[in-house]
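> Sharing a structure, written as structure tokens. Questions coming.
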Amino acid sequence: MSDSFEFTAENQTSYNEIITRYESKYSALLPVLHLAQKQNGWISGPVIAHISNLMGIPGSKIKEVVTHHEMLYDKPIGRNVVRVCTSVTCSMFGARDTYRAILEKYDLLDLGTTKDGRVTVQKVQCLGACEMAPSMQVNDTNYGRLSTEKAIQKIEELA
Amino acid sequence: MKLTANYRDYVLLCYHHISGVELLDIFEENGGYEVFKSCLKKNPEDVLEEVKASGLFGREANGISTGEIWDSIVEKKDTKVCLICDLNESEPGTFKDRFLVERNPHLLIEGILIAAWVLGIKKGYIYIRGEYQKQAMILDNAIKEAYDHNYLGNGIQGNDFNFDLVVHLGAGGHVCSYPWSLITSLEGRPPKPRRESPFPYTDGYQGELTLISSPETLSAVPWIMRFGAGAYRKWGLENSPGTRLFSISGDVKLTGVVEVPLGTPLSLIINEYCQGIKDGKKLKAVFPGGISVPILTAEDALESSMDFDDLINKGSMMGSGGIIVFDETRAAFDILEWVLDFFLQESCGLCSPCRKGTLWLKKIHDSWKLDGCSQSGLDVFESIASNMQFISRCPLANSAALSVRSIIRSFGRELMDYSPTARIDASKKRSTNV
Numbered sequence: 003m004s005d006s007f008e009f010t011a012e013n014q015t016s017y018n019e020i021i022t023r024y025e026s027k028y029s030a031l032l033p034v035l036h037l038a039q040k041q042n043g044w045i046s047g048p049v050i051a052h053i054s055n056l057m058g059i060p061g062s063k064i065k066e067v068v069t070h071h072e073m074l075y076d077k078p079i080g081r082n083v084v085r086v087c088t089s090v091t092c093s094m095f096g097a098r099d100t101y102r103a104i105l106e107k108y109d110l111l112d113l114g115t116t117k118d119g120r121v122t123v124q125k126v127q128c129l130g131a132c133e134m135a136p137s138m139q140v141n142d143t144n145y146g147r148l149s150t151e152k153a154i155q156k157i158e159e160l161a
Numbered sequence: 129m130k131l132t133a134n135y136r137d138y139v140l141l142c143y144h145h146i147s148g149v150e151l152l153d154i155f156e157e158n159g160g161y162e163v164f165k166s167c168l169k170k171n172p173e174d175v176l177e178e179v180k181a182s183g184l185f186g187r188e189a190n191g192i193s194t195g196e197i198w199d200s201i202v203e204k205k206d207t208k209v210c211l212i213c214d215l216n217e218s219e220p221g222t223f224k225d226r227f228l229v230e231r232n233p234h235l236l237i238e239g240i241l242i243a244a245w246v247l248g249i250k251k252g253y254i255y256i257r258g259e260y261q262k263q264a265m266i267l268d269n270a271i272k273e274a275y276d277h278n279y280l281g282n283g284i285q286g287n288d289f290n291f292d293l294v295v296h297l298g299a300g301g302h303v304c305s306y307p308w309s310l311i312t313s314l315e316g317r318p319p320k321p322r323r324e325s326p327f328p329y330t331d332g333y334q335g336e337l338t339l340i341s342s343p344e345t346l347s348a349v350p351w352i353m354r355f356g357a358g359a360y361r362k363w364g365l366e367n368s369p370g371t372r373l374f375s376i377s378g379d380v381k382l383t384g385v386v387e388v389p390l391g392t393p394l395s396l397i398i399n400e401y402c403q404g405i406k407d408g409k410k411l412k413a414v415f416p417g418g419i420s421v422p423i424l425t426a427e428d429a430l431e432s433s434m435d436f437d438d439l440i441n442k443g444s445m446m447g448s449g450g451i452i453v454f455d456e457t458r459a460a461f462d463i464l465e466w467v468l469d470f471f472l473q474e475s476c477g478l479c480s481p482c483r484k485g486t487l488w489l490k491k492i493h494d495s496w497k498l499d500g501c502s503q504s505g506l507d508v509f510e511s512i513a514s515n516m517q518f519i520s521r522c523p524l525a526n527s528a529a530l531s532v533r534s535i536i537r538s539f540g541r542e543l544m545d546y547s548p549t550a551r552i553d554a555s556k557k558r559s560t561n562v
């Protein structure tokens, strides 16, 4: 694990642009954290330190925001994030069985990562794709009407 | 005025059949932004009067008249106002706003522009939930196009009107659907409800007067300004004019989003638009507005109309517009478990009635899995749920209590039958018969 973090030149340009969108630096925090997570995979201590220096926001405030959002990760995650919806409509069509089968197959707990660092599995409440329940989000793409076999097949296909 | 869009059949989905309408050129070709440009030539007061006359009201749960809210903002002259479009729909069963903007982001931008121009707003935010990353990108692209074509930015369309619009991607959390949590999240703080105050929020985002509006409300404004309040009032009822989007999921043959006039019978939506219950089964229950509203039994659901008053008379509410349909094979015990899981996971933990209440209810339900459910168990459950109501800062605990109490009320007998001993008895009976 790297003990330092800096935005790449391209992301630094994005950062500079994000800051101009908001009147308050605090409001820009969430989009900046998204940008950092996209580059680093998760919000590590060095990421928080760097953002704290850049934005002049105390690290503790940044950590507080990170831990209150389920889509910001304060521990290392896999290259792909699989979010399995276990909300009402998806549960009606077997989402919970699928979720349990996925954990069992890869020997994981919730928010656990496979040993090869390929996939992190997360249980979520409602992805807003109820019309195609049961649904699952792989990174930013939704898949629907998934049987357990199809869900596992999708995960197997991930690089 | 171009009439290529399907204006006469729909208000909100009038452009949805047009391929590529997410692109500004195609939206313009079909009459998009024409209404905004014509509004710029009118007196802002006239536009406000038209919106008031249309009877449009917020499609958020509060259902307050949009015209009245706008009026109260106009009255506070020289006050800095901020507009937030709440696209954080995270209520289970609700995906209508996603459907609205992913296909036609410019209609929302046009609605926001008209509101901003009438109310003298200079800055707007579209708060979109973290799970909608793709839709956020679609909106981002649409906003870039709008800047390029001088619909956003400074000196819009040669007028003395400046307006900036930003898409703000959230990072998960149902509490952000509630106005105060949404504001604190937008301020870069943990999304916890600050306090409740009268609408509109006089001390809202960054201490400014803040208008929070749903995409559905804002997207209806261009149609109203194109055809007038009278035409809009032809849809729906006297007290609930206009149309509304409903997203339908669960045990129906056809799931998806429909736009219907308010007051449309729920039975028509389920049996006609959704082609009825799957596999010829019977209806058991319906959540008419997401799981935060009381559940309707089949009898009540089939007699209900989708308008504020009728649903309240039936003991439920219109809520988020997410209709979840359950057929006769669904067990109330499971429905209760799924609902409890949702509220337990989504409670932000700030207020103890919510933090502890949702946990206790879940623990009681878990104990029923082993020991079965008795009348006294139901009474304790009911008592905890009723104590969670009206004492937390945001409506989450209240919603949880309303929802689970309605399940207990409607299906208490079934919950008591759904016990391990009953199941063992049933299996014994089957084996003696053999």
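Chains A and B, in that order, are what the protein sequence lines are.
Counting in my numbering, the first sequence runs from 3 upward without gaps.
Counting in my numbering, the second sequence runs from 129 upward without gaps.
Beta carbons: idealized from backbone N, C-alpha and C, even for Gly.
Predicted, not measured: the structure shown is a model, and the values here were computed from it.
By the criterion of Cβ-Cβ separation under 7 Å, what are the contact partners of R187 (chain B) in chain A?
Neighbours of R187 (chain B) on chain A: none; closest Cβ ~16 Å, over 7 Å.
> Give me, in chain order, the residues of the same chain whose beta-carbon lies closer than 6 Å to that of G221 (chain B); leave out the 5 immediate sequence neighbours on both sides.
For G221 (chain B), where only same-chain residues beyond five positions count, the Cβ hits under 6 Å are S377, G418, G450, I452.
> Going by beta carbon distance, what residues of the same chain come within less than 6 Å of Y329 (chain B), once the five residues before and after it are set aside?
Counting only Cβ-Cβ distances below 6 Å, and skipping sequence neighbours, we find T338.
> Determine whether the Cβ of A554 (chain B) lies closer than 8 Å to any Cβ atom of chain A.
Unreliable placement is indicated for A554 (chain B), whose pLDDT of 49 sits below 50; the coordinate value is still reported in the next sentence. With 8 Å as the cut-off, A554 (chain B) does not count as an interface residue toward chain A.
> State the beta-bridge partners of G378 (chain B) as determined by DSSP.
B:V453
> Going by Cα to Cα distance, which pick from B:V294, B:N278, B:H296, B:V295 is closest to D288 (chain B)?
B:N278
> Report the neighbours of M94 (chain A) on chain B: residues whose CB is nearer than 9 Å to its CB, in chain order.
S377, G378, D379, I452, F454, R458, D462, I463, W466
> Looking at chain A, is there any beta carbon in it that lies within less than 8 Å of the beta carbon of V229 (chain B)?
no
> When the distance is taken between beta carbons, is Y17 (chain A) closer than 8 Å to F9 (chain A)?
yes
> Can you tell me whether T207 (chain B) is buried or exposed, with buried defined as 16 or more other CB within 10 angstroms of its CB?
By the Cβ neighbour-count rule, T207 (chain B) is exposed, with fewer than 16 other Cβ atoms within 10 Å of its own.
> Report the residues of the segment 32–64 of chain A with a CB closer than 7 Å to any CB of chain B, ordered along the chain.
Listed in chain order, the positions of the segment 32–64 of chain A with a beta carbon within less than 7 Å of a beta carbon of chain B are L32, P33, H36.
> Ordered along the chain, which non-local residues of its own chain (more than five positions away) have a Cβ less than 6 Å from that of E72 (chain A)?
none
> Helix or strand or just coil, what does DSSP make of V175 (chain B)?
helix
> Under the criterion of a Cβ to heavy atom distance below 7 Å, does V385 (chain B) qualify as lining the ligand PLP?
Of ligands this structure carries none, so the ligand PLP is not represented either.
> Please state the DSSP three-state secondary structure of T425 (chain B).
In the structure shown, T425 (chain B) sits in a strand (DSSP, three-state: E or B).
> Taking the CB atoms as reference points, tell me whether I250 (chain A) and T122 (chain A) lie closer together than 8 Å.
Residue 250 (chain A) lies beyond the range of chain A shown here (3 to 161); nothing can be said about it.
> Only counting the same chain, and skipping five residues up and downstream in sequence, which positions put a Cβ closer than 6 Å to that of S433 (chain B)?
Excluding positions up to five away in sequence, the list reads G391, P393.
> Is H302 (chain B) buried or exposed, if buried means 16 or more other CB atoms sit within 10 Å of its CB?
buried
> Please report how far the alpha carbon of D99 (chain A) lies from the alpha carbon of Y75 (chain A), in whole angstroms.
Their Cα atoms are separated by approximately 25 Å.
> What are the boundary residues of the alpha helix (DSSP H) that includes G540 (chain B)?
Looking at the DSSP string, the run of the alpha helix (DSSP H) that includes G540 (chain B) is 524–545.
> Rank B:E150, B:E474, B:S309 by C-alpha distance to the C-alpha of E230 (chain B) and give the top, closest one.
B:E150
> May I ask which residues mark the beginning and end of the alpha helix (DSSP H) holding F164 (chain B)?
It spans 162–168 - the alpha helix (DSSP H) in which F164 (chain B) sits, taken as one unbroken run.
> Hey, how far is the Cα of R551 (chain B) from the Cα of I535 (chain B)?
Only weak support exists for where R551 (chain B) lies, its pLDDT of 49 falling under 50; the value from the coordinates is given anyway. Going by the C-alpha atoms only, they are around 21 Å apart.
> The beta strand (DSSP E) spanning C87 (chain A) covers which residue range?
82–87
> Beta-carbon of Q473 (chain B) versus every beta-carbon of chain A: anything under 8 Å?
yes
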